[in-house]
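*Asks:* For any residue, its number in our numbering is found by taking its place in the sequence shown, counting from 1, and adding 10.
Where a beta carbon is used, it is the ideal one built from N, C-alpha and C, also for glycine.
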Amino acid sequence: MVEITFYGGVGEIGGNKILLRDEDTKIFLDFGMSFNKRGLYFEEFLKPRTSNGIGDFLQMGLIPDISGIYRDDLLTHYGRKPETPDIQGVLLSHAHADHANYVSFLHEKIPIYCGKTCLSILEAVEEQSQRSIESEVLNYKKRPLFRRDYKKPAINRDIVTFHPCKSFKIDSLDIEPFPVDHSVPGAFGFIIHSSEGPIIYTGDMRLHGQHGQYTKEFVEKASEAKPIAMITEGTRINETKTDESEKKVYTDSKKIINKEKNVSIVDFNFKDLDRFQTFYQIAKDLDKQLVINFKHACFLERYHQDPFVEAPNSTDESISLLLPKRHTGTYNKEDYSDAYVKKRLDYPNIIQAEEIIKNPRKYMVVLNFWYFNMLIDLKPYHGTYIHSLSEPFNEEMEISYDRMKNWLNHFDLNLNQSHCSGHINGTDLKHVIQKIKPETLFPVHTKKPESFTSFHDNTVRVIQGKLYKL
Ligand SMILES: [Zn+2]
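1) So within the region 408-467, which uninterrupted beta strand (DSSP E) runs reach at least 3 residues, ignoring any that extend past its ends?
2) Do Ser-177 and Val-12 have their CB atoms nearer than 8 angstroms?
3) For Phe-403, count neighbouring C-beta atoms within 10 Å of its own C-beta (all shown protein chains included) and say buried if the count is 16 or more, exposed if not.
4) With Leu-283 and Val-319 assumed to form a contact (beta carbons below 8 angstroms), what rounded beta-carbon distance in angstroms separates them?
5) Note the first and the last residue of the continuous beta strand (DSSP E) segment covering Cys-175.
6) Under 7 angstroms from any heavy atom of ligand 1, does the C-beta of Asp-214 make it?
7) Return helix, strand or coil for Phe-67, following the three-state DSSP convention.
8) Excluding five sequence neighbours on each side, which residues of the same chain lie with their C-beta closer than 6 angstroms to the C-beta of Pro-208?
9) Under the criterion of a Cβ to heavy atom distance below 7 angstroms, does His-109 qualify as lining ligand 1?
10) Evaluate the contact criterion for the region 244-264 versus the region 344-352: three or more CB pairs, one atom per stretch, below 8 angstroms.
11) Is the beta carbon of Leu-300 closer than 8 angstroms to that of Phe-289?
12) Can you tell me which of the three DSSP states Leu-84 falls into?
13) Hey, Val-20 and Val-470: beta-carbon distance below 8 angstroms or not?
14) Could you tell me which residues DSSP puts in a beta bridge with Ser-204?
15) Using DSSP with H/G/I as helix, E/B as strand and the rest coil, what is Lys-353?
16) Ignoring anything shorter than 4 residues, give me the alpha helix (DSSP H) runs that lie fully in the region 233-306, in order along the chain.
17) To the nearest angstrom, how far is the alpha carbon of Ile-169 from that of Asn-416?
18) Going along the chain, which residues of its own chain have a beta-carbon closer than 7 angstroms to the beta-carbon of Ala-307, five neighbours each way excluded?
19) Taking Cβ positions, are Ser-431 and Glu-254 nearer each other than 8 angstroms?
20) Is the beta carbon of His-337 within less than 7 angstroms of some heavy atom of ligand 1?
21) Ignoring anything shorter than 3 residues, give me the beta strand (DSSP E) runs that lie fully in the region 88-150, in order along the chain.
22) Should the region 389-409 be called in touch with the region 337-346, which here means at least 3 C-beta pairs below 8 angstroms?
23) Once the 5 residues before and after His-397 are set aside, which same chain residues still bring their CB inside 6 angstroms of it?
24) Cutting at 7 angstroms between CB atoms, please list the residues of its own chain near Thr-171, excluding the five before and the five after it.
25) For a quick check, are the C-beta atoms of His-109 and Asp-40 less than 8 angstroms apart?
26) Taking the C-alpha atoms as reference points, what is the distance between Pro-74 and Glu-460?
27) Let me know if Pro-317 comes out buried or exposed under the rule of 16 or more other beta-carbons within 10 Å of its beta-carbon.
28) Would Arg-81 and Leu-116 qualify as a contact pair, given that the criterion is a beta-carbon distance under 8 angstroms?
29) Comparing the CB of Val-147 with every heavy atom of ligand 1, is any distance shorter than 7 angstroms?
30) Using 7 angstroms as the cut-off, classify the Cβ of His-218 as near or not near the heavy atoms of ligand 1, replying yes or no.
31) With which residues is Asp-184 paired in a DSSP beta bridge?
32) Does Pro-370 come out as helix, strand or coil in the three-state DSSP assignment?
33) Report the partner residues of Asp-191 according to the DSSP bridge assignment.
34) Which same chain residues end up closer than 7 angstroms to Arg-48 when comparing Cβ atoms and leaving out the 5 residues on each side of it in sequence?
35) How about Arg-216 and His-466: do their beta carbons lie closer than 8 angstroms?
36) Under 8 angstroms, Cβ to Cβ, is there at least one residue of chain D near Glu-408?
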């Protein structure tokens with residue numbers, strides 16, 4: 011008997027936490043943060059308290075209240091007894107926060123299974139971000155953390171990496187991991203061989219990116235498996251196919267940047283290596299320098315060392331590293347205390363904003379909205395700004411987007427949108443499901459699960475926390 015319970019990703023985009031039980035084997039498919047649920051109660055200055063252990067997260071429904079999965083220190087801090095871990099593993103599809111981050115709360119004895127590239131990204135995130143109870147995926151320090159405990163070594167999780175297309179076992183389950191195309195490298199879809207038959211889990215995927223072929227091959231294998239069930243993402247189920255592609259982002263953006271006589275500012279997600287490659291190629295083709303920040307360098311260096319992906323090093327001749335102003339504002343070496351900046355201060359390709367001002371046409375600066383105060387140093391008057399991210403889709407994002415436009419207006423920067431989604435469109439997804447022909451379909455990671463019933467007769471309208479038997 012196989013049982014599936016969905017503790018996240020139900021009626022929402024992301025936050026996947028899917029418990030699969032086959033006799034005595036229990037695994038989670040992803041254990042991500044739900045931005046949606048978190049945003050219902052919390053915001054920038056109103057956060058769940060670490061001082062209540064796991065309590066605030068349980069009380070507000072950000073994580074499920076089930077036994078045998080959580081860290082001893084967080085349970086006891088909340089006044090509960092420690093529990094023996096009772097699941098055999100967590101299978102991560104990819105390194106996006108809405109699929110991986112809440113591993114933070116899990117007992118260190120529960121092994122985490124992920125691809126090598128996923129691990130590289132999680133390491134890069136850890137290197138450049140401050141320790142937080144909501145993102146301790148690879149290791150953590152016991153709480154409560156008193157000052158005298160700061161230097162104590164962290165507790166490492168048991169991380170097991172798997173290889174593309176090489177099956178592996180978690181207890182009694184045989185799992186086949188297949189690379190899929192998504193807006194982060196190292197994303198996987200799975201065929202899980204249970205005692206009742208094969209189960210497909212797509213993670214997040216698309217067909218229209220640089221590696222659409224991966225997804226096609228996964229779909230082929232999934233179809234051959236004749237699955238009893240398919241758990242599919244459905245982010246864009248109601249969107250029809252358009253001409254979007256990474257190639258189009260390249261062509262459109264190159265045209266805009268080529269015309270620009272001033273500096274070009276571009277914004278895209280660090281983790282998205284395909285998008286990085288697009289702008290890196292444009293910089294090379296137009297004989298410009300791509301300027302990135304130190305956080306971005308943490309990712310690039312790990313990608314460069316990863317045998318499964320292709321990426322230049324952060325010291326590449328077409329790349330410059332922008333030194334931020336800290337403390338005295340004079341670029342003094344003593345101003346930099348963050349380990350990830352300090353470690354790179356001797357790089358030969360570090361530049362300061364003043365050099366970009368002298369020769370603005372030579373540069374394409376990668377600058378995320380959260381670092382827009384650096385525009386004050388860059389003085390990019392009358393230049394171009396390319397927003398290579400999805401357009402705002404909720405109220406909070408709208409507010410930030412309006413604020414972004416104010417900055418652009420202030421510097422008379424020209425706003426351009428050039429992007430393709432990380433998720434499969436509805437037209438493609440419908441074809442994929444019709445090809446795989448699962449006996450039962452479980453749409454997750456979607457706000458419109460009802461849209462699947464029109465083309466698959468046995469679609470389950472998933473209810474959070476309900477146990478489904480196969
Ligand atoms: Zn994703």
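*Replies:* In short, the structure shows the following:
1) Listed in chain order, they are 424-427 and 450-454.
2) Your numbering for residue 177 matches position 167 in the sequence shown. Your numbering for residue 12 matches position 2 in the sequence shown. Not a contact, by the Cβ cut-off of 8 angstroms.
3) Translated into the one-based positions of the sequence shown, residue 403 becomes position 393. Classification for Phe-403: exposed.
4) As a working mapping, residue 283 is identified with position 273 in the sequence shown. As a working mapping, residue 319 is identified with position 309 in the sequence shown. Going by Cβ atoms, the distance from Leu-283 to Val-319 rounds to 6 angstroms, so yes, they are a contact pair.
5) For the purposes of this step, residue 175 is identified with residue 165 of the sequence shown, where counting begins at 1. Run containing Cys-175: none; DSSP gives neither H nor E here.
6) The sequence position of residue 214 within the sequence shown is 204, counting from 1. Here the distance from the Cβ of Asp-214 to the nearest heavy atom of ligand 1 is below 7 angstroms.
7) One-based indexing of the sequence shown puts residue 67 at position 57. If DSSP states are grouped into helix, strand and coil, Phe-67 belongs with the helices.
8) On the sequence shown, position 198 is the one that residue 208 refers to. Result list for Pro-208: Ile-201, Ala-235 and Pro-237, in chain order.
9) By one-based count along the sequence shown, residue 109 stands at place 99. Distances taken from the Cβ of His-109 to the heavy atoms of ligand 1 include one shorter than 7 angstroms.
10) Contact between the region 244-264 and the region 344-352 is absent, because fewer than three Cβ pairs lie under 8 angstroms.
11) Your numbering for residue 289 matches position 279 in the sequence shown. Your numbering for residue 300 matches position 290 in the sequence shown. By the CB criterion at 8 angstroms, Phe-289 and Leu-300 fall inside the cutoff.
12) Locating residue 84 in the sequence shown gives position 74, where the first residue counts as 1. In the structure shown, Leu-84 sits in a helix (DSSP, three-state: H, G or I).
13) Stepping through the sequence shown from its first residue, residue 20 is reached at position 10. Stepping through the sequence shown from its first residue, residue 470 is reached at position 460. The answer is no: Cβ separation not under 8 angstroms.
14) What you label residue 204 is simply residue 194 of the sequence shown in a count that begins at 1. Beta-bridge analysis with DSSP links Ser-204 to Gly-207.
15) For the purposes of this step, residue 353 is taken as residue 343 along the sequence shown, with counting starting at 1. Coil at Lys-353, not helix or strand.
16) You should have 256-269 and 283-295.
17) Indexing the sequence shown from 1 puts residue 169 at position 159. Indexing the sequence shown from 1 puts residue 416 at position 406. A straight-line Cα-Cα distance of about 44 angstroms links Ile-169 and Asn-416.
18) Numbered from its first residue, the sequence shown carries residue 307 at position 297. Excluding residues within five positions, the ones whose Cβ falls inside 7 angstroms are Ser-324, Leu-331 and Arg-354.
19) Along the sequence shown, one-based indexing puts residue 431 at 421. Along the sequence shown, one-based indexing puts residue 254 at 244. Contact flag set, yes.
20) Sequence index remark: in the sequence shown, residue 337 carries index 327 (1-based). No, Cβ of His-337 sits at least 7 angstroms from all heavy atoms of ligand 1.
21) Within the region 88-150, the complete beta strand (DSSP E) runs of at least 3 residues fall at 99-101 and 122-125.
22) The region 389-409, when compared against the region 337-346, does not touch it at the 8 angstroms Cβ threshold.
23) The residue labelled residue 397 in the question sits at position 387 within the sequence shown. Shown here for His-397: same chain residues with a beta carbon closer than 6 angstroms to its own, the five before and five after excluded, namely Asp-277 and Gln-427 in chain order.
24) Residue 171 sits at position 161 when you count from the first residue of the sequence shown. Around Thr-171: Cys-124, Gly-125, Lys-126 and Leu-129.
25) One-based indexing of the sequence shown puts residue 109 at position 99. One-based indexing of the sequence shown puts residue 40 at position 30. Yes, Cβ-Cβ distance for His-109 and Asp-40 is below 8 angstroms.
26) Position 64 of the sequence shown, counting from 1, holds the residue named residue 74. Position 450 of the sequence shown, counting from 1, holds the residue named residue 460. Counting only the Cα atoms, Glu-460 lies some 24 angstroms from Pro-74.
27) If you number the sequence shown from 1, residue 317 lands on position 307. Within 10 angstroms of the beta-carbon of Pro-317 lie fewer than 16 other beta-carbons, which makes it exposed.
28) Here residue 81 is taken as the residue at index 71 of the sequence shown, counted from 1. Here residue 116 is taken as the residue at index 106 of the sequence shown, counted from 1. Going by C-beta atoms, Arg-81 is nearer than 8 angstroms to Leu-116.
29) Start at 1 with the first residue of the sequence shown, and residue 147 comes out as number 137. Placement of the Cβ of Val-147 at a distance of 7 angstroms or more from every heavy atom of ligand 1 is found.
30) As a first step, residue 218 is located in the sequence shown; it is residue number 208 there, counting from the start. Relative to ligand 1, His-218 has its C-beta separated by 7 angstroms or more from all heavy atoms.
31) Here the question's residue 184 lines up with position 174 in the sequence shown. Partner(s): Lys-179 and His-203.
32) The sequence position of residue 370 within the sequence shown is 360, counting from 1. In the structure shown, Pro-370 sits in a helix (DSSP, three-state: H, G or I).
33) Taking the sequence shown and counting its residues from 1, one reaches residue 191 at position 181. Asp-191 pairs with Arg-216.
34) On the sequence shown, residue 48 is found 38 positions in, with the first residue counted as 1. Beyond the five residues adjoining it in sequence on each side, Arg-48 comes within less than 7 angstroms, by CB distance, of Leu-72 in the same chain, given in chain order.
35) Indexing the sequence shown from 1 puts residue 216 at position 206. Indexing the sequence shown from 1 puts residue 466 at position 456. No, the Cβ-Cβ distance between Arg-216 and His-466 is not below 8 angstroms.
36) Absent from the structure: chain D. Only one protein chain is present.
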